[in-house]
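Here is the structure we will look at.
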Amino acid sequence: MSDDSVPRLSLAVEATFGSFALRASLEIGAEPLAVVGPNGSGKTSLLLAILGLRRLDRGRIQLGDDVLYDAVLAIDRPTEERHLAYLPQDFGLFPHLTAVENVAFALACNSQAANRKRHRGEAMSWLERFGLGSLAERNPAQLSGGERQRVALARAMASAPKALLLDEPTASLDVEARVEVRAFLAESIRSLGLPTILVTHDAMDVEALAGRVAVLEKGQVVACGPLRDIAKDPPTSFAGKLFCSSKFLGMVPTDSPANTAVVRRN
Amino acid sequence: MSQLFLSRARSRRLYGALMVGLGGFLLLFLVLPFVALVLDGGPESIVRGLGCALTWPALRLSLGTSLISVGLVVLGGTPLAWWLARSRWRSARWLEILLQLPVVIPPAVGGIALLLAFGRRGLFGEALERLGWAPAFSAVAVVMAQVFVSAPFYLQAAVQAFGRLDPSLLAVARSLGASPPRLFFRVALPLARPWLIGGAAMTWARALGEFGATLMFAGNMTGKTQTLPLAIYTALELDIHTAQALSLLLVAFAFALLLFLRRFNRGPEVARRLAAQ
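Those protein sequences? They're chains A and B, same order as listed. Heads up: the first sequence begins at 79 in the numbering used here, then just goes up one per residue. Heads up: the second sequence begins at 241 in the numbering used here, then just goes up one per residue.
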């Protein structure tokens, strides 16, 4: 996939929630962007703002040619019309629906005609594409963390999104599952070719999944750049600790297949 | 050392006696009236009491009106609760408190309020009468009184149920493209359903037992506005065993409802566990 076929997600937003002020200006293209910062720095608020679930004071959000939000032009598209795939920390599978019904839900949302049988069939083929065919009739509670994330990703893709927003994609998994999920996510993000924002606490996630890093501190983006630059010269003490605790200090490993694409793009 | 042991044992005995004594006192007080209600007079007098002329009209009216009341409360209460639970508007919190008022005011006060609003001389009564509708002292008034006093039970359960839904699930549903009706009918409603059913059951119990507001606003006319609780009140002047028999009918309904709720309450627990995983 060439870089110009990936639409750009560009945003410049300002918002105040009580005493907290969020101010962020970011450009996301083919290279996934990791947003890092301590708890309460506004990472999740940023995702919710992009989703249209937080009232903004000023700014503009544009995805490809679509303007999702523009304070001056008074454009504020509702969440359901923004075509953003959002994966919350616990993946957000509907507990009252089976895996295949979860995927069919996304298909039903995006089609004019109500055709349960067809949606179910399409949902099955999405699950099969993600290697989940045998788990179709299970409830989310009967799936492992990694499986749940795959179903959530299959469901997100079935809604034909134009960008991908991941909130702490490995935080709710046990350590063993994390490695597997990280590899799967890295491969998926690469093959999907969507502008991707990933909020994380985890240096391994950043290094496996993202090419660029934005460092958030008290609601402000204090630095944004290629992973190597940020890791080499961390702009905040949080970023310093984050990348220092990582064994890949100051460099991007090129041996793991998940990372080669990122490096090549750099 | 041995003295310490002794005093410890004694204080433990004292503690045990105090706890059992106080708790047992309340337990007896709560259970004994039910024992009397079931045993007094024996089954024959209960059967005779059920054969009283008041029984069947009151039972029919009570069941009919209370079921209609529950239906109306669920129909209007579900959208209202969904809006209240999601509203960021500060006045919504105040409205929530206001809507709980009928729970804490005496039902008789509710009856007076209804009379002042919709009675013949009431604030809106004259306008209603000009439209050819005078609800006071009719079966419609029975339903209105029941809805007024019982709706808060459903509203509270429903607001809590919708408020407890995982916000990230709702966010995901919307990001997938779910329209507001789809979000409500396919996500919020099924996830909240166990609590909604619990709230509806409590509302039904309250409507079935409604007395004060009904007496004030609908009156006590056999076959027209005399529900079971009012029939009990009337029967008490004739024969206590008739009142006892009618009371047992209500106790039986209430007990069945409690059993149903206990069975059903496993529903929320399962849902919670599913959501936690």
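Positions of the beta carbon are idealized from the N, C-alpha and C atoms, including for glycine.
Could you check which residue in the options has the C-alpha nearest to that of residue i?
i: Val382 (chain B); options: B:Arg252, B:Gly351, B:Ala440, B:Arg360; result: B:Gly351
i: Asp252 (chain A); options: A:Glu225, A:Ala234, A:Ser266; result: A:Glu225
i: Ala445 (chain B); options: B:Ser309, B:Leu431, B:Trp334; result: B:Ser309
i: Phe183 (chain A); options: B:Met442, B:Ala397, B:Glu366, B:Gly417; result: B:Gly417
i: Pro342 (chain B); options: B:Ser306, B:Met384, B:Gly304; result: B:Met384
i: Ala475 (chain B); options: B:Ile337, B:Leu294, B:Ala276; result: B:Leu294
i: Leu48 (chain A); options: A:Leu104, A:Leu175, A:Val229; result: With chain A covering 79 to 344 only, the question about residue 48 (chain A) has no answer from this structure.
i: Phe67 (chain A); options: A:Ser83, A:Ser88, A:Arg133; result: Only positions 79 to 344 of chain A appear in the structure, and residue 67 (chain A) is not among them; the question remains open.
i: Ile106 (chain A); options: A:Asp311, A:Phe169, A:Pro304; result: A:Pro304
i: Lys319 (chain A); options: A:Asp307, A:Ala281, A:Arg306, A:Glu295; result: A:Ala281
i: Leu277 (chain B); options: B:Leu355, B:Ile480, B:Arg503, B:Glu336; result: B:Ile480
i: Ala236 (chain A); options: B:Ser415, B:Gln396, B:Leu498, B:Ser408; result: B:Ser415
i: Ala441 (chain B); options: B:Ala353, B:Val344, B:Leu267, B:Gln396; result: B:Gln396
i: Phe274 (chain B); options: B:Ala496, B:Leu335, B:Val491; result: B:Val491
i: Gln40 (chain A); options: A:Glu246, A:Ala317, A:Ser315; result: With chain A running from 79 to 344 in the structure shown, residue 40 (chain A) is simply not present.
i: Ala391 (chain B); options: B:Gly463, B:Leu489, B:Pro347, B:Leu267; result: B:Pro347
i: Pro430 (chain B); options: B:Phe402, B:Gly316, B:Ser331; result: B:Phe402
i: Ser193 (chain B); options: A:Pro173, A:Ser103, A:Ala152, A:Val91; result: This structure leaves residue 193 (chain B) out entirely; chain B is present only between 241 and 517.
i: Met202 (chain A); options: A:Arg216, A:Arg268, A:Thr274; result: A:Arg216
Let's test the definition: count the other Cβ atoms within 10 Å of the Cβ of residue i and tell me whether it reaches 16, buried, or not, exposed.
i: Tyr394 (chain B); result: buried
i: Glu477 (chain B); result: exposed
i: Phe269 (chain B); result: exposed
i: Asn193 (chain A); result: exposed
i: Ile139 (chain A); result: buried
i: Lys121 (chain A); result: buried
i: Leu210 (chain A); result: buried
i: Pro156 (chain A); result: exposed
i: Pro283 (chain B); result: exposed
i: Asp283 (chain A); result: buried
i: Met259 (chain B); result: exposed
i: Arg207 (chain A); result: exposed
i: Ile308 (chain A); result: buried
i: Phe169 (chain A); result: buried
i: Gly439 (chain B); result: buried
i: Ser247 (chain B); result: exposed
i: Val109 (chain A); result: Note that residue 109 (chain A) is Glu in the sequence shown, not Val. Buried, by the Cβ-count rule.
i: Gly297 (chain A); result: buried
In this structure, does DSSP put residue i in helix, strand or coil?
i: Arg343 (chain A); result: Confidence in Arg343 (chain A) is poor, its pLDDT being 37 and thus under 50, which makes the residue's placement too unreliable to answer from.
i: Ile472 (chain B); result: helix
i: Ile345 (chain B); result: coil
i: Ala191 (chain A); result: coil
i: Phe95 (chain A); result: strand
i: Arg326 (chain B); result: helix
i: Glu215 (chain A); result: coil
i: Asp307 (chain A); result: helix
i: Arg132 (chain A); result: coil
i: Arg350 (chain A); result: Nothing can be reported for residue 350 (chain A): it is not among the residues displayed for chain A, which extend from 79 to 344.
i: Glu295 (chain A); result: strand
i: Leu416 (chain B); result: coil
i: Ser331 (chain B); result: helix
i: Ala249 (chain A); result: coil
i: Ala293 (chain B); result: coil
i: Val84 (chain A); result: coil
i: Ala261 (chain A); result: helix
i: Lys121 (chain A); result: helix
i: Ala249 (chain B); result: helix
i: Leu171 (chain A); result: coil
i: Leu111 (chain A); result: strand
What are the boundary residues of the alpha helix (DSSP H) that includes residue i?
i: Glu285 (chain A); result: 281-287
i: Glu105 (chain A); result: Segment 98-106 is the beta strand (DSSP E) holding Glu105 (chain A); no alpha helix (DSSP H) there.
i: Ser448 (chain B); result: A small fix is needed here, since residue 448 (chain B) is Leu in this sequence, not Ser. Taken as a continuous stretch (DSSP letters only), the alpha helix (DSSP H) holding Leu448 (chain B) covers 429-448.
i: Val380 (chain B); result: 379-404
i: Thr482 (chain B); result: 480-504
i: Leu455 (chain B); result: 452-457
i: Val229 (chain A); result: 223-236
What are the start and end residues of the beta strand (DSSP E) that includes residue i?
i: Ala241 (chain A); result: 241-245
i: Pro304 (chain A); result: 298-304
i: Gly142 (chain A); result: Neither: Gly142 (chain A) is in no beta strand (DSSP E) and is coded neither H nor E.
i: Leu165 (chain A); result: 162-165
i: Leu276 (chain A); result: 274-278
Using a beta-carbon distance below 8 Å, is residue i in contact with chain E?
i: Asp168 (chain A); result: In the structure shown, chain E does not exist; the protein chains are A and B.
The segment 287-296 of chain B in contact with the segment 483-495 of chain B per 3-pair CB rule at 8 Å: Cβ pair count under 8 Å is three or more, so yes.
Contact the segment 455-471 of chain B vs the segment 418-429 of chain B: 3+ CB pairs below 8 Å: no
Cβ contact (3+ pairs, closer than 8 Å) linking the segment 144-161 of chain A and the segment 104-117 of chain A: no
At least 3 beta-carbon pairs within less than 8 Å: the segment 356-372 of chain B vs the segment 424-438 of chain B: The count of Cβ pairs closer than 8 Å, one atom from the segment 356-372 of chain B and one from the segment 424-438 of chain B, stays below three, leaving the stretches out of contact.
Cβ contact (3+ pairs, closer than 8 Å) linking the segment 281-296 of chain A and the segment 125-132 of chain A: no
Three or more C-beta pairs below 8 Å linking the segment 213-224 of chain A and the segment 258-270 of chain A: yes
Three CB pairs or more closer than 8 Å across the segment 442-456 of chain B and the segment 370-379 of chain B: no
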